[in-house]
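Notes follow the structure.
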């Protein structure tokens, strides 16, 4: 029954979130930024994950596109921080996809 399906727009949003986390390095970056709860330079993130700056920047680009990570200009540099609102909604997405009620509506993200 169509009424029982997750609406297409929400499904598309959730799919983009799952795609963004479909790489172990991106999962590590999100976890690192969330755990440290402060804006960080690319250099700090590079040092933590041990990959080239260009690789980390590409991962950060993907994470910022889905708004898991926010960018803050600091002079000529850019600092990255976790977007608590979006990350807070991610467990809701997983709950919905697994057939459980969502604790947070997607509109709150």
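In UniProt numbering, the protein residues as written are 1 to 109. Beta carbons: idealized from backbone N, C-alpha and C, even for Gly. A quick note: this is a predicted structure, and the numbers were derived from the prediction, not measured.
Buried or exposed (CB count within 10 angstroms, at least 16 for buried), residue i
i	result
residue 12	exposed
residue 20	buried
residue 108	Model confidence at residue 108 stands at a pLDDT of 49, short of 50, so the residue's coordinates are unreliable; what they give is reported in the following sentence. With fewer than 16 Cβ atoms within 10 Å of its Cβ, residue 108 is classed as exposed.
residue 1	Here the model assigns residue 1 a pLDDT of 48, short of 50, so the residue's position is not dependable, and the following value carries that caveat. Label assigned to residue 1: exposed.
residue 26	buried
residue 69	buried
Cβ pair residue i, residue j closer than 9 Å
i	j	result
residue 23	residue 59	yes
residue 40	residue 81	yes
8 Å contact criterion, which residue i and residue j should meet: CB distance rounded
i	j	result
residue 78	residue 42	7 Å
Selection from the options that minimises the alpha carbon distance to residue i
i	options	result
residue 38	28, 72, 65	72
So does the segment 43-59 actually touch the segment 2-16, counting three or more Cβ pairs closer than 8 Å?
-> no
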